[in-house]
Amino acid sequence: DNHIAAAGGIANAVEACEKYLKENGLSTVKIEVEARTMDEVRTVIDLLDDPNVETASVSRLMLDNMSVDDMRDAVKLINGRIETEASGNVTLNTVHAIGQTGVTYI
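Adding 1370 to a residue's 1-based position in the sequence shown gives its number in the numbering used here.
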């Protein structure tokens, strides 16, 4: 989230990363984007769906400190476009429920 804040938002961060990777011949490097809210998840989906925005390197969306319900909703919205990862608030008490959300990684 520090990189996102420094870039001025998710869209700017993705654009800067894609530009850097292209300019430096790093086309095999993948980008993992962090989302802390459903609004941020929607922003990433909008970027992925926009044919005018370069997102080829975006391979995973990290769902950071989200509730189990929000993770489940996010996975449905993402609908297999990219991998998902649950991050934060993962404990022995929550890991099973998180696994049931459909995230790719915990």
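Built from N, CA and C at the ideal position, the CB exists for glycine as well.
Residues sharing a beta bridge with residue i, DSSP
i        : result
Ser-1457 : Asp-1434
Buried versus exposed call for residue i [16 or more other C-beta atoms within 10 Å across all chains shown]
i        : result
Val-1428 : buried
Leu-1431 : buried
Glu-1393 : exposed
Ala-1376 : exposed
Rounded C-alpha distance that separates residue i from residue j
i        : j        : result
Leu-1447 : Val-1403 : 15 Å
Asp-1434 : Ser-1397 : 26 Å
Ile-1476 : Val-1460 : 8 Å
Asp-1439 : Asp-1419 : 24 Å
Val-1445 : Thr-1471 : 7 Å
Val-1399 : Glu-1388 : 10 Å
Ile-1374 : Leu-1462 : 30 Å
Ile-1452 : Met-1408 : 16 Å
Thr-1454 : Asp-1416 : 16 Å
Gly-1450 : Val-1473 : 10 Å
Ala-1386 : Arg-1412 : 19 Å
Ser-1437 : Glu-1410 : 14 Å
Asp-1383 : Ser-1457 : The question names Asp, but residue 1383 in the sequence shown is Ala. Roughly 20 Å separates the two Cα atoms.
Ala-1381 : Met-1441 : 21 Å
Note down, one range per segment and in chain order, each beta strand (DSSP E) of at least 3 residues found wholly within the stretch 1377–1458.
1401–1405, 1428–1434, 1453–1457
Requested in this report: Would you be able to state if there are at least three C-beta pairs under 8 Å between the stretch 1465–1473 and the stretch 1412–1426?
Outcome: no
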